[in-house]
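Q:
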Amino acid sequence: MRFLQMKWIVPLVLVGVIYAADQIRINRPDHKYRLTMKVETPAGVRAASAILSVRPNRSYGGTGTGSSFPQTSGDALVLDLGEGRNLVVLLAYGDDGANFDDASFLPARLLGATDRRISFRNVKEFAGAPALPVPPPQRPVFVSFANLADPKTARRVDTGDLEATFGKGYRLRDFSLGIVANGFWPIDFGGALGEPVTRGIEQKLPWLKTPGGAAAALQAANLKTGEGFAAEAAFTR
């Protein structure tokens, strides 16, 4: 009886190991990058950063299994400016905030601007290299909330004129991107294992857990919303 049990257990364990290894192959990031923002305020410089990961579509079905574009994982970057002010960098691009794909291509485009031979597959080779400034035309959408607990208080922010939103003494000093090592995904818990993707935005923006909360924020900031539009993806993926 024990032999018969082992006869089935070993193949099942083997299948489980093969499946787990294949899921790691499919879902592991190709590269990670850190966005860093520094803002001058009347009380001094405030800074924050967030790590995002990018993976290509490695599914066996290719384009038939979903988006053929690389997929970004991570949260929007939230910077506390003090005195109830804040600045949020969305995972959305373009005039109407409808472009969600540029979050995956931003690193390759910045590096490619310095050397045309650099492509998506080369990005991870630049882990640890000096961060690059993100020029205004390639920056994501910036918004601010008069009240972080109320999505309807969102408004879009012009990064070239923070004083128009926050008052005198506010200026974007730096907005940069640096490539970080992938580490040992999916056990990249920090330290030698690698830095994990930034999470926890729901604690800063509690309405993200509420149906319609993300859409209300985008609408208040005059960004795209509508049926079939995944508004939450502008904040977390």
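End of the sequence shown sits at 276 in the working numbering; the numbers just go up one at a time, nothing left out. Glycine included, C-beta positions come from ideal geometry on N, C-alpha and C. Here the structure is a predicted model, which is why all the values come from computation and not from measurement.
In or out: F125 buried (at least 16 other Cβ within 10 Å) or exposed?
A: Note on identity: in this sequence residue 125 is Asn, with Phe being the wrong assignment. Buried, by the Cβ-count rule.
Q: What whole-angstrom Cβ distance do H70 and V93 have, given they're in contact under 8 Å?
A: With 8 Å as the limit, H70 and V93 qualify as a contact, their Cβ atoms being about 6 Å apart.
Q: Name the residue from N161, L150 and S112 whose alpha carbon lies nearest to the alpha carbon of R67.
A: For R67, the nearest C-alpha among the options comes from S112.
Q: If you draw a straight line from the C-alpha of F184 to the C-alpha of K263, how long is it?
A: Rounded to whole angstroms, F184 to K263 spans 17 Å at the Cα level.
Q: Have a look at A255 and I48 and give me their C-alpha separation to the nearest angstrom.
A: Roughly 51 Å between the two C-alpha positions.
Q: Please confirm if the segment 215–227 is in contact with the segment 165–178, defined as three or more CB-CB distances below 8 Å between the two stretches.
A: Flag = yes, the segment 215–227 and the segment 165–178 touch.
Q: Buried or exposed: where does R190 fall if 16 or more other Cβ atoms within 10 Å of its Cβ makes it buried?
A: Per the sequence presented here, residue 190 reads as Pro, with Arg not at that position. Per the 10 Å Cβ criterion, buried.
Q: What span of residues does the beta strand (DSSP E) with D119 cover, start to end?
A: Looking at the DSSP string, the run of the beta strand (DSSP E) that includes D119 is L116 to G121.
Q: Taking DSSP as the reference, what is the three-state secondary structure of P245?
A: P245 falls in the helix class under three-state DSSP.
Q: What does the alpha-carbon distance come out to for the pair L120 and K163?
A: L120 and K163: Cα-Cα distance of roughly 32 Å.
Q: Considering only residues of the segment 116–166, which uninterrupted beta strand (DSSP E) runs meet the minimum length of 3 residues and lie entirely inside it, listed in chain order?
A: Fully enclosed beta strand (DSSP E) runs of 3 or longer: 116–121 and 124–128.
Q: With contact counted as at least three CB pairs below 8 Å, one residue from each stretch, are the segment 224–236 and the segment 143–153 in contact?
A: Contact between the segment 224–236 and the segment 143–153 is absent, because fewer than three Cβ pairs lie under 8 Å.
Q: Near P95, what residues of its chain come up, given a Cβ to Cβ distance below 6 Å and the 5 sequence neighbours on each side ignored?
A: Result list for P95: D69 and P109, in chain order.
Q: V128 and P179 - do their beta-carbons sit closer together than 8 Å?
A: Yes.
Q: Look up G83 in the DSSP assignment and give the residues it is bridged to.
A: For G83, which the question treats as bridged, DSSP gives the partners T80.
Q: What does DSSP give as the partner residue(s) for Y209 in the beta ladder?
A: Answer is none; Y209 lacks a bridge partner.
Q: For L232, collect the residues of the same chain with a Cβ closer than 7 Å to its Cβ; drop the 5 residues on either side in sequence, then sort them by chain order.
A: The answer, listed in chain order, is G222, F223 and I226.
Q: Alpha carbon to alpha carbon, how far is R194 from V78? Give it in angstroms, no decimals.
A: Approximately 18 Å between the Cα atoms of the pair.
Q: Using beta-carbon positions only, say whether A296 and V117 come within less than 8 Å of one another.
A: As shown, the chain starts at 40 and ends at 276. That puts residue 296 outside it, with no answer to give.
Q: Since L187 contacts T198 with CB under 8 Å, what's their CB separation in whole angstroms?
A: At roughly 19 Å, the Cβ-Cβ gap does not stay under 8 Å, so L187 and T198 are not in contact.
Q: Could you tell me whether the Cβ of F205 comes closer than 8 Å to any Cβ of chain C?
A: Any reference to chain C falls outside this structure, which holds one protein chain only.
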